[in-house]
Every structure is written in C-alpha cells, then in structure tokens.
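What follows is a single structure, written as structure tokens, with notes after it.
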Amino acid sequence: MRRLSFLLLASLLALSFLPSQSAGQKKDGFPANAAAPSLKPLFPAGAKPGATVDLKLKGANLAAPIKLITSFPAKAVFPTENNNGKDAANLLVKLEIPANTPIGFHTVRIGTAKGISNARILCVDDLPEVVEVDTNRGKQTAQNIPVPCVVAGRADAEANDYFKFTAKAGQRISFEILGRRLGSAIDPQLTLFDAASMRELSGGHSNDAPGLQTDPRLTYTFKKDGEYAIEVRDVSYRGGEDFFYRLRVGDFPCATSPIPMAVKRGGTTSVSFSGPQVEGVLPVTVAVPEGTAADSLWVTPKGPNGLSGWPVCLLLSDVKEELEKEPNNTAATAQKLTVPSGVTGRLLEKGEADYFSFTAKKDQRFIIEVVTHDLYSPTEVYMEIKDTKGGKLAETNPANAPRLDFKAAADGDYHIALEHLHLWGGPAEVYHLSIAEFSPGFDISLQGDRIDGPAGIPFSLPIMVTRRDFAEAIEISIEGPKGVKGKLTVAKGQPAGNLDVIVDEEVAVGPETIRVVGTAQINGKPYKAYASVRGPLGTSLAGLPIPPRTAWREIGLGIQPRPPFTLALKLDPATIAPGKNTTATVTASRAKGFDAEIALTINGLPANVTGKAGPIPAGKSELKFEITSTDKAAPAAPSLTVTGKAKMKDKEETFTSPGAALTIKK
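Following this line, the structure appears as structure tokens:
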C-alpha cells in the first residue's frame, strides 16, 4: 500500500513542477495596479561578478524609471541616449556588479512613480557567457562554444538547439540547465551526440535530474578526442519568449545539498556538499548571520580547478544542529537526540534505514519533521515512531509532508525510524530531521509579493494568519527603510487583517524592499514570525513550486506621489449572516481644485457575495451602495477595498482604499 501511495505521490509531484499555461500573468490577492511596471523574463538572465552589463529590460510601463533594486548591492544607471527611459516596453540599464557578489540566484525589480514591478531572477555566474545564435537549429549548423562557458538560450516551438564543443579522451565535463529554476516555462532536456556521426552517446541524456525541479544535469567522461554536440529542447517541443534557459558547461561540481543542511545562527561553520559529482570539493567556511531576518543562504561548491558549481541552500536554525552519526541503522545503534534539535542525515545505500532516539515524559507532545524538497533535496522520506520493543506508534502519510505530531503514552525512550519512501539510496539522498516539544504559534502569509501606495497617506496590506493552538492577539509591523512603518493588531481568534502601511512624506518616491513581521508573547516567551510570499512569488515565476528560498520574505514596495484624492471604505454592519446585506460607504477626500468624477471598483468579495459601486459624481465626496450575500455564502472574513480612477489634466489617477473587514458568519 505504501508503494502504491508513492506512485500516486510521484505522479502528483511531476505535475506540480510543470509550468502553468498562464505563467506570465500576475495572480495575487492584492488590487491590481495596471499602471505599475511589469517585467518580462530577463534575457540574457546572467552576469559575472565584477562586470558591468547592459541589462535590456522588456515589459510594460517601463517609461520614466526611478530605480532598479537588486537583492545584492549594485549600481544601476539609466543611459539617456536614444531616448532611453521614454519607451514603455523597453529599458536599458547599465548594471555594475561588485566583484564580491555571491554566485547564484538574485532578484531584480524596477520602480517608477506609478509602482513597483514583479521580481525577475538574475543569475550571477563566474563562467564566461555565450549568447545563443539563431542559426543553431540543425545538427549541421551547431553553434561552437568553448569549455567552460554558460550559454544564454531560448527554445523555439518545434525546434532543437545545438551546440558543438571539443573534448579530449578522459576529459570529464558536467552539463546543467537552469530553466524552470529561473522561472522559465521550459521543461528542458539535454542530449549529447558524437558531432561526426550525430549518434547519441550512451549515458549522455538527462531530463528531470533529482532535486532540480525538472531541470536536467549530467556529468560525462569522454572516451576519445573529438567534437561533440549538445541538443537542448523542451520535452514537449514548446517554445517562445518565456522558454529561456542557461546551459552551464564545464568540469564543475554538481551538488544537491549542503552537509549539514542546517546550522545554528551566529559564528562560523564548515560546510561540505552532497550530490552526484562532488569529488575533490573541499569544505567551505561560512559566516552564519545572527539575525532572524533571513532563514537561509546559498553556499557555492568549488572544484579543485577553481570552477564553481551551482549554489545549494543552507537553512538557518535557532536550535542545536548536528550530523547523523553512523552506525545508526538499527534500533540498538539509534543516535540519541536532544530536544529541541536538528540533524542532517544521508541514505547512501538502497534500503538503508536510519534510527534516532529521544526521551519523553508521559503526555509530552512533540513535532517531529523531515524537510527535503523545500531545501531542494530530492529525497522522499517515510518515517515511523516506535517503542523500544519495535512496536509502531505512528507513521507518516506518503501523500503528505513527513511530519508527525506525537504524544508520548508513557515515560521512556522512543525511536524514530527513517528510510527512503521507495527504498532508494545514493549521494543526493539527504534529509533534515528536527524534533521539538509542541509549542503554540502562527505563520503569516501574503497574497502578493508587491504593493504600491502613496507617501503621506496610509494604505492597506492584507495579511493572512495561520494559527497553531494560539488564539490571542498578534502584533504585525514592518521592517524596512527609514520612514516606512506599519501597524496592525490581529484580534484574538481572527485569521486575517489589514496592515496600515504609513510612508512619511519625506521618503522619496520609488521602489523599496520591506519585510512584514508578526510578534506575540506565547507561554511567557517572545515569538516572532516573518510573512512569506513564497506562493505568489512562485506563481509569478511560471508557477515555480519552490522559488529561490532567500526571496520568500522579500516584499516589493512601490512608493507613489500623493494622489489628488483618497478613499475610505466603511461597512455597516461589519458582520452579516449568509443571505443578509451590508451598506458600504465610500468617502473621498479631494485635493484643492480636483472635482472630477471618480469611478469605483470593489475588490475582495468572496463567492456568493456581490456589490456594484457606481461612480462618485463630480464635486461630491460620498457614495453609498449595497453589498449582498446569498444563502450559499460561506463563513469568511474577507478584507474589502475600493479602487478609484479619475482623470486629472488628461492623466488617469488611481487610489485603493485601506481594507475594511467584512465578517460572514451564521
């Protein structure tokens, strides 16, 4: 039965990594700002440390740029030649990348006075870059490339891309495509050929390499001197502007995970690597930050020849972290764990089981969890809790994440038994196990990864709260640049709220990055949780299931000029039963001399709840309208806003009100 569950799970996982057909569209719960800039995928999507590059941005509403913000320190300049900065669809940016910029995934956004763009991924890579040519669609016209290099390419529909290179007998070369991991719609595969005969090399094909979210990777040792070719294509022969990729070629390490996978905050630590090709890769010393703003960082493996492999993700922890101590493959040799703690383990052999033990008091409750995919490890783990006689007390469901909420029935020792769900083993099969006493808490999430609003006027940021046995009030605030503040108290038992964002009038118009944090006192101790934008970020990157983890807490803030009008929404009553109505009152505050009609749109209505807001007439400051629910309206607590649009001097102005909570309950 467990194996059948695995097959179903594997099928669902494979489907989850495929890009959505509407990957380029913005899908989030924030009111859409049609005037904000939007970025198409970067091409080429890479640069070397220490280089100055021409970043050619494409998208919409790019005219009159104010600032390019990057997830690493950089200097960006907008040249003025050739009317650059006046084209809404194209923008040239000269980007100076510091020499000490870490290799790996980074994010960029562009900001104007109208708002901030979606995030796009820029790769910083120390391999020399080659841009694909359009004449490489046939085997006989393969593009010559050096070794090592990284090729910036784009797949066309019903076409293959070919690249030709020279290799010596016994030469080892790795090939890796960054495609889906960049937020591309491509599902790439690569195949090696003998360039003379164009016969496929045995063992020279890769598709869906473990841990790479359907991207391919392989290492090949060539048997003879000669010319060889690489074929790159989408597995379904799809293509277009969104099907971009970066093909890395060279004798670089191929790592999947760091060892350990997690380290305690503060100090320095030595990190090794696991994966299909990490021979000769020395451990690196990592300075671990003490603060809690980041929950992970990237660590780069470097081969003996100096070439860098693609970085792996290291989790930052607040508890003791250790490595699995072999032998621990039986209950008798189980590794003793302290509570709380974390441990990094490996399943190197097929059918291998790892055992850990812990001591519990009767009725003591524990959360025992294994993390793999969210740290880019491919490992599927099956876990059991056993008593000292081997009796099974609890087990994980293969269809869900391996997490157990376990309550001890008696004082004594207990065993945790781990194995691969499909009994596989190998150098990439790595996991992180954590154990802690259960503690109440909460998580915070946002429905979008960017928000726009004016300086000097509060605006609303909807907040979602997932509670874990904690019903008390939660304080929400903002961490960000000076002059940007936010305050919200999520009331006792409530699952959501609207954070009032306040930007001082002295703060310059343009883009910034903020974080949203929630705090509370739980069992007499301070508790802190940062808001996650993992979901909307992944959606904006072609439905990428696991976007770069270091960006999960980054929220783009577009600071706009003070508008000629503002809106406030009030609901009376604020709580209704299904089938009942409420009256919405929209109040407009107008700047002196602004009397135009304001068209209104209401946002955030749940299913079976409707409302139509007419315009606020010219010269008027208030409008009332009815919001109607049917008997089928489900209990909910949505945050409603209204967006107003008006003309001022032939220019459209927009403003979205702070949220007003509507509670629907029987």
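Residue 282 in my numbering sits at position 279 of the sequence shown, with consecutive numbering throughout.
Ideal Cβ positions, reconstructed from N, Cα and C, are used throughout, including at glycine.
Report yes if the C-beta distance between residue i and residue j is below 9 Å; otherwise report no.
{"i": "T585", "j": "I630", "result": "yes"}
{"i": "G186", "j": "R123", "result": "yes"}
{"i": "V96", "j": "V80", "result": "yes"}
{"i": "Y223", "j": "G243", "result": "no"}
{"i": "T666", "j": "A637", "result": "no"}
{"i": "L310", "j": "G253", "result": "yes"}
{"i": "A337", "j": "H425", "result": "no"}
{"i": "D245", "j": "P551", "result": "no"}
{"i": "S642", "j": "A664", "result": "yes"}
{"i": "K477", "j": "G489", "result": "The amino acid at residue 477 is misidentified as Lys; the sequence shows Ile. In this structure, G489 does not lie closer than 9 Å to I477 by Cβ."}
{"i": "S344", "j": "S260", "result": "no"}
{"i": "A563", "j": "D452", "result": "Sequence inspection shows Gln at residue 563; the Ala mentioned does not correspond to that position. No. Outside cutoff."}
{"i": "K583", "j": "S632", "result": "yes"}
{"i": "V468", "j": "G521", "result": "yes"}
{"i": "I106", "j": "P40", "result": "no"}
{"i": "A594", "j": "I605", "result": "no"}
{"i": "E500", "j": "V493", "result": "For clarity, residue 500 is Gly in the given sequence; the question names Glu instead. For G500 and V493, yes; Cβs fall inside 9 Å."}
{"i": "G444", "j": "A534", "result": "no"}
{"i": "L326", "j": "P405", "result": "no"}
{"i": "G229", "j": "A265", "result": "no"}
{"i": "A431", "j": "S277", "result": "yes"}
Quick one, which of the options has its alpha-carbon nearest residue i's?
{"i": "A420", "options": "D414, P567, D390, A411", "result": "D390"}
{"i": "N147", "options": "G394, E234, G186, R556", "result": "E234"}
{"i": "A591", "options": "A649, I176, S632, V536", "result": "A649"}
{"i": "K635", "options": "V127, I100, P263, P581", "result": "P581"}
{"i": "F225", "options": "T259, R175, P256, E244", "result": "R175"}
{"i": "V536", "options": "T138, D507, I479, I447", "result": "I447"}
{"i": "K365", "options": "E325, P401, D416, T399", "result": "D416"}
{"i": "A133", "options": "A50, A170, G312, N85", "result": "Note that residue 133 is Val in the sequence shown here, rather than Ala. Selected option, being the one with the closest Cα: A50."}
{"i": "T217", "options": "F369, S380, K171", "result": "S380"}
{"i": "T303", "options": "A172, V274, A511, G428", "result": "V274"}
{"i": "A37", "options": "I72, L58, A91", "result": "A91"}
{"i": "V136", "options": "A145, L130, T553", "result": "A145"}
{"i": "S239", "options": "Q192, V284, A232, K627", "result": "Q192"}
{"i": "F46", "options": "H423, A413, V154, A54", "result": "V154"}
{"i": "V510", "options": "T347, P76, P484, G141", "result": "P484"}
{"i": "D128", "options": "K595, I100, D298, A77", "result": "I100"}
{"i": "V670", "options": "A616, A439, G270", "result": "Lying outside 4 to 669, the shown extent of the chain, residue 670 is not represented and no answer is given."}
{"i": "D377", "options": "E352, D414, P279, V315", "result": "V315"}
{"i": "R471", "options": "D598, I481, I525, H435", "result": "I525"}
{"i": "A63", "options": "K89, E84, N85", "result": "K89"}
Within 8 Å: the Cβ of residue i and any heavy atom of the ligand MN?
{"i": "N400", "result": "Only the bare structure without any ligand can be found here, which leaves the ligand MN out of the picture."}
Helix, strand or coil: how does DSSP classify residue i here?
{"i": "E432", "result": "coil"}
{"i": "P191", "result": "strand"}
{"i": "R268", "result": "coil"}
{"i": "K89", "result": "coil"}
{"i": "D321", "result": "coil"}
{"i": "R537", "result": "helix"}
{"i": "Q563", "result": "strand"}
{"i": "K30", "result": "With a pLDDT of only 40 at K30, under 50, the local geometry of the prediction cannot be trusted, and the value read off the model is given with reservation. Residue state, collapsed to three classes: coil."}
{"i": "K142", "result": "helix"}
{"i": "L10", "result": "The predicted model places L10 with a pLDDT of 39, which falls under 50 and marks its position as unreliable, so this point remains unresolved."}
{"i": "L98", "result": "strand"}
{"i": "N36", "result": "coil"}
{"i": "D377", "result": "helix"}
{"i": "T399", "result": "coil"}
{"i": "A162", "result": "coil"}
{"i": "S660", "result": "coil"}
{"i": "Q24", "result": "Unreliable placement is indicated for Q24, whose pLDDT of 39 sits below 50; no coordinate value is reported for it."}
{"i": "L204", "result": "strand"}
{"i": "S437", "result": "strand"}
{"i": "T553", "result": "helix"}
{"i": "T391", "result": "coil"}
{"i": "S299", "result": "strand"}
{"i": "E655", "result": "strand"}
On the DSSP bridge assignment, give the partners of residue i in chain order.
{"i": "T604", "result": "T646"}
{"i": "H109", "result": "L125"}
{"i": "Q367", "result": "Paired residues: none, contrary to the question."}
{"i": "I460", "result": "Its beta-bridge partners do not exist; DSSP assigns none."}
{"i": "N308", "result": "In the DSSP output, where bridge partners are listed per residue, N308 has none listed."}
{"i": "K339", "result": "S360"}
Quick check: is the beta carbon of residue i nearer than 9 Å to any beta carbon in chain C?
{"i": "A356", "result": "The displayed structure is made up of one protein chain only, and chain C is not part of it."}
**Study point:** the segment 109-129 / the segment 500-517 touching (three or more Cβ pairs under 8 Å)
**Key:** With the rule of 3 Cβ pairs closer than 8 Å, the segment 109-129 counts as touching the segment 500-517.
Exercise for review: Tell me, please, whether the segment 280-297 touches the segment 389-404 by the rule of three or more beta-carbon pairs shorter than 8 Å.
Suggested key: no
Review point. With a cut-off of 8 Å, do at least 3 Cβ pairs link the segment 197-205 to the segment 292-302?
Key: no
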